Structure formats: C-alpha cells, structure tokens
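Working notes, structure below.
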Amino acid sequence: MKIIIASDIHGSAYWCKKLTQAFEAEGADRLALLGDILYHGPRNPLPKDYSPKDVVELLAPLADRIICVRGNCDSEVDQMVLPFNVSSDYAQILADGLNIHLSHGHRAEPPLKAGDVYLTGHTHVQLNCVESGGYIHLNPGSVSLPKETGRHGYIVYENRTFTFKDFDGNQFDERKL
Numbered sequence: 216m217k218i219i220i221a222s223d224i225h226g227s228a229y230w231c232k233k234l235t236q237a238f239e240a241e242g243a244d245r246l247a248l249l250g251d252i253l254y255h256g257p258r259n260p261l262p263k264d265y266s267p268k269d270v271v272e273l274l275a276p277l278a279d280r281i282i283c284v285r286g287n288c289d290s291e292v293d294q295m296v297l298p299f300n301v302s303s304d305y306a307q308i309l310a311d312g313l314n315i316h317l318s319h320g321h322r323a324e325p326p327l328k329a330g331d332v333y334l335t336g337h338t339h340v341q342l343n344c345v346e347s348g349g350y351i352h353l354n355p356g357s358v359s360l361p362k363e364t365g366r367h368g369y370i371v372y373e374n375r376t377f378t379f380k381d382f383d384g385n386q387f388d389e390r391k392l
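Anchor point for the sequence shown: position 149 equals 364 in this note's numbering, and the numbering is continuous, going up by one each time.
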C-alpha cells in the first residue's frame, strides 16, 4: 500500500493543487490528511491563493481515498462542505504489519505501543523519527505554511519506509522500519 501523508493545507488552493498532483504522480492508494484543511487559523498568515472553496473542489475527487483527522482549525462547518470525514480526532492504518496512528497533534497521544508509528501535523515543522516509549513519531510539516527550516512537502509511505519529499519531487529524508 502506498500512502501520501500531509498536513496543514490551511485553505491554500495553490499548495493543495501541488499536493493532489503529487498524489497522482506518486500513484498512491490513499491520502492521509493530518488536519487543518480549510481555515488558515488566527495565528497564521493567509497562505498563497487562500481559497477554501477551491481546496474542497480539489480534494472532492479523491474523497473515497482520503483518511483524515480533525485539526485544531477544522470545524463543524468544514465537515458540512468536505465530502470525507474530518471530525475524528484519531485514525489508524494497519499496513505491512505496522500500526500507524494518525492525529493532528493538538490532543493527548492515543494509546501507543512499542513498534507503533505516530503521525502528527500541527507544528508545521518536519520531524523524522523521534523515538519515545518504543514508538516512532513522524511529522510531514505543513503543505502550505512550513516553519523553521521546513519545506512545503509530504511523506510517502510504502513497504515500511517513510520518505519525506518536497513538491519538486526531491527526497530529503527517509525512515525505514
């Protein structure tokens, strides 16, 4: 199973289009979104080409392949316009013998065991492999508003490998399990 993992689109049609193009180019089976899909949030600047309506239209054709968790900027109104579930705080993917837990990262950690993978967004900072309590924590950063030295990008999961990429297709980090 090939999964694209991304977070924090924050209503940017420009960066969401880059994400959907990357999803198609990678030939992925699923798109895992770690929250903050439509609204830019009160502490963030408006991202490039801010247009939540266009983001909905870009993601709608992929609705049956999207797994999404709710971010701190996602609301009940967002669920009314998005054609996939955006109201769960946590989700889980079982792939290649791995338990992959999804959360935006602004809530308490779900119960995690040694060997589990915990994917979060929220901080807008890419994080490759913080091992804590036997589980592995990864963060793709933000699609539209990366912070610190982060890049606009995503993670590709395939065959127990998490590969960090930017929207030019450049790989800049990797974690094999």
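Virtual Cβ for every residue (Gly too), placed ideally from N, Cα, C.
All of these numbers come straight from a predicted model, not from anything done at the bench.
* Asked: Is the segment 249 to 260 close to the segment 217 to 226, with three or more CB pairs under 8 Å?
  -> Contact holds: three or more Cβ-Cβ distances are below 8 Å.
* Between Ala306 and Glu324, what straight-line distance do the alpha-carbon atoms span, to the nearest angstrom? -> A direct Cα-to-Cα measurement between Ala306 and Glu324 gives close to 12 Å.
* To do: Mind checking which residues open and close the beta strand (DSSP E) that includes Thr378?
  => In this chain, the beta strand (DSSP E) harbouring Thr378 covers 376 to 381.
* Asked: Does DSSP classify Leu274 as helix, strand or coil?
  -> The answer is helix: DSSP assigns Leu274 an H, G or I state.
* Gly286 versus Gly348 - alpha carbon distance -> So the alpha carbons of these two residues sit roughly 24 Å apart.
* Asked: If you count every other CB in all the chains shown that lies within 10 Å of the CB of Val358, and 16 or more means buried, which is it?
  -> By the 10 Å Cβ count, Val358 comes out buried.
* Asked: Does the Cβ of Ser302 have 16 or more other Cβ atoms within 10 Å, making it buried, or fewer, making it exposed?
  -> Ser302 should be labelled exposed.
* Asked: Does the Cβ-Cβ distance between Gly356 and Gln341 come in under 8 Å?
  -> Cβ distance < 8 Å, so Gly356 and Gln341 count as in contact.
* Those runs of the beta strand (DSSP E) which lie wholly inside the segment 318 to 363 and span at least 3 residues -> At a cut-off of 3 residues, the continuous stretches assigned as beta strand (DSSP E) that sit fully inside the segment 318 to 363 are 332 to 334, 341 to 347, 350 to 355.
* Asked: CB-CB under 6 Å to Arg366, same chain, minus the five flanking residues each way: which ones, in chain order?
  -> Closer than 6 Å at the Cβ level, and outside the excluded window around Arg366, lie Asp381.
* At which residues does the beta strand (DSSP E) containing Leu309 begin and terminate? -> Element bounds for Leu309: 305 to 310.
* Asked: Over what stretch of residues does the alpha helix (DSSP H) that includes Tyr369 continue unbroken?
  -> Annotation: Tyr369 is outside any alpha helix (DSSP H); the continuous beta strand (DSSP E) that includes it extends over 368 to 373.
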